[in-house]
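To start, the structure under review is shown below, and the notes come after it.
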Amino acid sequence: MRIEHKTVVVGALALSTGAAFAHEGSGVAGGFTSGFLHPINGWDHIIAMVAVGLWGAFLGRPAIWVLPIVFPMVMAFGGAIGVTGFHIPGVETGIALSAVVLGAMIALAVRPPIWVAAVIVGSFAIFHGYAHGVELPQAADPIAYSLGFVIATGLLHLAGIAFGLLVRWPAGKVAVRACGTAISAAGVALLIGWVHV
Amino acid sequence: MSRRSAALLISLLMFSIDASAHGSSKSLGSFFGGFVHPLLEPAHLIALLALSLCLGQRGLASSGMSVPAFITGIVPGLVAAGFGWRPDTDVVLLGVATLAGVSVASAAPIPRSVLAAGCAVAGASIGLGSSPDLVTGGALWATLFGTGLGAIAWLSNGAALVQVAKRPWVKILVRVAGSWATASSVLVLALWIVGTHPVSKPDQVTNFIDLRR
Numbered sequence: 523m524r525i526e527h528k529t530v531v532v533g534a535l536a537l538s539t540g541a542a543f544a545h546e547g548s549g550v551a552g553g554f555t556s557g558f559l560h561p562i563n564g565w566d567h568i569i570a571m572v573a574v575g576l577w578g579a580f581l582g583r584p585a586i587w588v589l590p591i592v593f594p595m596v597m598a599f600g601g602a603i604g605v606t607g608f609h610i611p612g613v614e615t616g617i618a619l620s621a622v623v624l625g626a627m628i629a630l631a632v633r634p635p636i637w638v639a640a641v642i643v644g645s646f647a648i649f650h651g652y653a654h655g656v657e658l659p660q661a662a663d664p665i666a667y668s669l670g671f672v673i674a675t676g677l678l679h680l681a682g683i684a685f686g687l688l689v690r691w692p693a694g695k696v697a698v699r700a701c702g703t704a705i706s707a708a709g710v711a712l713l714i715g716w717v718h719v
Numbered sequence: 033m034s035r036r037s038a039a040l041l042i043s044l045l046m047f048s049i050d051a052s053a054h055g056s057s058k059s060l061g062s063f064f065g066g067f068v069h070p071l072l073e074p075a076h077l078i079a080l081l082a083l084s085l086c087l088g089q090r091g092l093a094s095s096g097m098s099v100p101a102f103i104t105g106i107v108p109g110l111v112a113a114g115f116g117w118r119p120d121t122d123v124v125l126l127g128v129a130t131l132a133g134v135s136v137a138s139a140a141p142i143p144r145s146v147l148a149a150g151c152a153v154a155g156a157s158i159g160l161g162s163s164p165d166l167v168t169g170g171a172l173w174a175t176l177f178g179t180g181l182g183a184i185a186w187l188s189n190g191a192a193l194v195q196v197a198k199r200p201w202v203k204i205l206v207r208v209a210g211s212w213a214t215a216s217s218v219l220v221l222a223l224w225i226v227g228t229h230p231v232s233k234p235d236q237v238t239n240f241i242d243l244r245r
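Those sequence lines, one after another, are chains A and B.
In this text, residue positions in the first sequence follow my numbering: the first is 523, and each later residue adds one.
In this text, residue positions in the second sequence follow my numbering: the first is 33, and each later residue adds one.
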């Protein structure tokens with residue numbers, strides 16, 4: 523290999539090194555990071571949150587913005603229950619069921635009244651919030667942690683809404699309903715234990 | 033330039049590190065450190081965010097004396113902090129953020145007097161909670177001055193930005209942000225009420241608000 527090629531390769535390798543994290547996350551940054559990653563590290567959370575945004579977009583106005591507004595606030599209520607130490611049985615089952623039900627709603631193109639949709643979404647929000655809330659007392663910075671997971675949840679909703687906007691086209695409607703089917707199937711797989719998160 | 037020289041030069045450039053062109057000036061550093069401090073304290077940030085959204089959604093003109101009330105609160109708060117009074121004000125700020133966040137999320141305006149009172153309380157709380165540790169003398173007052181200007185600037189400019197946003201999807205985003213502020217605040221307040229959060233210890237709770245009694 524010629525010298526200039528070697529130099530460029532060595533230079534590129536030097537650029538590709540990552541930062542050396544000698545200390546584990548702590549303080550505000552550590553709290554925010556762990557909170558932000560908490561919903562993203564679980565496929566059960568991801569598919570359910572995307573399903574909320576997807577269903578909202580599928581239902582159209584006003585659900586497209588009511589659901590992402592209602593969900594965090596009810597989730598906070600569930601989180602508060604988790605913080606108090608009160609035990610809710612079957613939390614993981616509830617989370618998996620949220621994916622099954624919300625995915626099925628999209629797949630079957632169910633369009634209930636807005637208040638029914640809000641109640642369904644709100645019920646499942648309690649389980650998701652509880653799962654995040656039990657981790658809150660151990661967080662490096664609870665405020666940053668709660669900000670982190672609330673923002674991550676909201677961004678997942680946004681991703682679902684963005685995909686759900688495809689319904690304005692006939693092929694998009696098929697794609698969205700197919701996505702709902704996939705979410706529901708993934709929820710079933712989680713429920714019966716075929717997949718673990 | 034030959035290809036060999038160019039390759040060597042590029043590789044050398046890749047190994048360069050940051051060039052710090054300015055030396056540190058304690059006063060300048062303290063002032064700007066104070067200016068951004070409200071954005072670096074989570075409780076201060078959430079409260080300022082929620083209040084900015086609330087004022088912007090309602091309109092600065094219709095918010096009455098809210099911004100002047102904030103200034104009226106933060107100035108004595110900063111002065112008191114400068115003279116050593118440093119109570120833990122995070123819980124108060126989270127309470128204000130919750131109230132403002134609910135108003136924004138539901139698009140239900142709070143009465144002007146309540147909003148002004150909330151801004152005054154938030155201002156005082158931010159002021160009292162902004163004193164840096166291990167800093168004294170001119171640097172301390174420069175920091176506090178920067179904090180005051182910064183908090184007022186972030187609040188008023190944030191509200192103005194929200195106010196000028198006319199597109200429907202931006203208005204919805206504002207309401208979503210309000211729900212986020214509410215959710216975050218409620219969770220930490222729950223932690224405080226249960227008594228597992230070290231933010232607020234009994235002897236540091238601000239006298240006029242003591243939810244544990």
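For glycine and all other residues, C-beta sits at the position ideal for the given N, C-alpha and C.
Since the model is a prediction, treat every value here as computed from it, not as a measurement.
Problem set entry | Three CB pairs or more closer than 8 angstroms across the stretch 608-618 of chain A and the stretch 561-578 of chain A | yes
Exercise. Among the residues of its own chain, which have a CB less than 7 angstroms from the CB of A/Val592, if the five just before and after it don't count?
Worked result: Within the same chain, and ignoring the five residues on either side of A/Val592 in sequence, the residues whose Cβ sits closer than 7 angstroms to its Cβ are Ala640, Val643 and Gly644.
Exercise. So which residues of chain A does B/Ser211 contact, with C-beta pairs closer than 7 angstroms?
Worked result: Ile591, Pro594 and Met595
Problem set entry | Same chain, Cβ closer than 7 angstroms to A/Leu581, five either side skipped, listed in chain order | In the same chain as A/Leu581, and ignoring 5 residues on each side of it, the C-beta atoms closer than 7 angstroms to its own belong to Arg633 and Ala639, in chain order.
Problem set entry | C-alpha gap between B/Ala148 and B/Val226, whole angstroms | 30 angstroms
Problem set entry | Rounded C-alpha distance that separates B/Ala75 from A/Cys701 | 38 angstroms
Exercise. Which residues in the same chain as A/Gly600 place their Cβ atom closer than 7 angstroms to its Cβ, once the five residues preceding and following it in sequence are excluded?
Worked result: Ala647, Ile648, Phe649, His650, Gly651, Tyr652 and Gly655
Exercise. Would a check of beta-carbon distances place B/Val226 closer than 8 angstroms to chain A?
Worked result: yes
Problem set entry | B/Gly165 in three-state terms, based on DSSP | Reading off the sequence, residue 165 of chain B comes out as Asp, not Gly. The answer is coil: DSSP assigns B/Asp165 none of H, G, I, E or B.
Exercise. Got a sec? Which residues, its chain only, sit under 7 angstroms from B/Leu181 by beta carbon, not counting five neighbours each side?
Worked result: Phe67
Exercise. Looking at the unbroken alpha helix (DSSP H) that takes in A/Thr606, where does it start and where does it end?
Worked result: Ala585 to Thr606
Exercise. Taking Cβ positions only, does B/Thr179 come closer than 8 angstroms to chain A?
Worked result: no
Exercise. Taking B/Ser163 as the reference, which of B/Arg207, B/Pro143, B/Gly114 and B/Gly61 has the closest Cα?
Worked result: B/Gly114
Problem set entry | Given 8 angstroms, three or more beta-carbon pairs between the stretch 87-107 of chain B and the stretch 163-177 of chain B | no
Exercise. Which residue's Cα is closest to the Cα of A/Gly553: A/Ala684, A/Leu669, A/Arg699 and A/Ile628?
Worked result: If we check each option's Cα against that of A/Gly553, A/Leu669 comes out closest.
Exercise. Residues in the stretch 636-652 of chain A with C-beta within 9 angstroms of chain B's C-beta atoms, listed in sequence order?
Worked result: Gly651
For this session: Please check if any C-beta of chain B sits within less than 8 angstroms of the C-beta of A/Ile673.
Result: Answer yes: the Cβ-Cβ gap between A/Ile673 and chain B drops below 8 angstroms somewhere.
Exercise. Would a check of beta-carbon distances place A/Leu559 closer than 8 angstroms to chain B?
Worked result: no
For this session: Measure how close the beta-carbons of B/Gly133 and B/Ala82 come, nearest whole angstrom, since I'm counting them as under 8 angstroms.
Result: Contact holds; Cβ gap of about 5 angstroms.
Problem set entry | Neighbour flag for B/Ser216 against chain A, beta carbons, 8 angstroms | yes
For this session: Below 6 angstroms CB to CB, which residues in the same chain sit around A/Ala697 once its five sequence neighbours on both sides are set aside?
Result: Leu688
Exercise. Does any CB atom of chain B fall closer than 8 angstroms to the CB of A/Trp587?
Worked result: yes
Problem set entry | Three-state class that DSSP yields for B/His54 in the structure shown | Annotation note: pLDDT 43 at B/His54 (below 50); position unreliable, coordinate value reported separately. B/His54 falls in the coil class under three-state DSSP.
Problem set entry | Spatially closest choice to A/Gly578 from A/Pro692, A/Ala708, A/Phe685 and A/Ala693, by CA coordinates | A/Phe685
Exercise. Taking one C-beta from the stretch 114-133 of chain B and one from the stretch 97-104 of chain B each time, how about it: are there three or more such pairs within less than 8 angstroms?
Worked result: Result no; under three Cβ-Cβ pairs closer than 8 angstroms.
For this session: Determine, using beta-carbon pairs with one atom in the stretch 136-145 of chain B and one in the stretch 199-219 of chain B, whether at least three such pairs fall under 8 angstroms.
Result: They touch, by the three-pair rule.
Exercise. A/Leu581 versus chain B: which residues are under 9 angstroms apart at the beta carbon?
Worked result: Simply none; closest approach about 15 angstroms.
Exercise. Exposed or buried, what is B/Gln195 when buried is set at 16 or more other beta-carbons lying within 10 Å of its beta-carbon?
Worked result: Under a 10 Å Cβ-count criterion, B/Gln195 is classified as buried, with 16 or more other Cβ atoms of the shown protein chains found around its own Cβ.
Exercise. Is it true that the CB of B/Ile78 sits closer than 8 angstroms to the CB of B/Ala129?
Worked result: yes
Problem set entry | First through last residue of the alpha helix (DSSP H) which encompasses B/Trp201 | Where B/Trp201 is concerned, the enclosing alpha helix (DSSP H) starts and stops at Pro200 to Val226.
Problem set entry | Every unbroken alpha helix (DSSP H) within the stretch 612-687 of chain A, with a cutoff of 4 residues, ordered by chain | 613-629, 636-655 and 664-686
Exercise. Name the chain B residues that come within less than 8 angstroms of A/Val605, Cβ to Cβ?
Worked result: Leu219, Ala222, Leu223, Val226 and Thr228
Exercise. Which chain A residues are close to B/Arg207, counting only those with a beta carbon under 8 angstroms from its beta carbon?
Worked result: Trp587 and Ile591
For this session: Whole angstroms is fine: what's the gap from A/Pro664's alpha carbon to B/Glu73's?
Result: 12 angstroms
Exercise. Closest to B/Leu187 by CA distance: which of B/Ser145, B/Gly155, B/Thr214 and B/Ala213 is it?
Worked result: B/Gly155
Problem set entry | B/Lys203 versus A/Leu677 - alpha carbon distance | Distance from the CA atom of B/Lys203 to the CA atom of A/Leu677, rounded to whole angstroms, is 17 angstroms.
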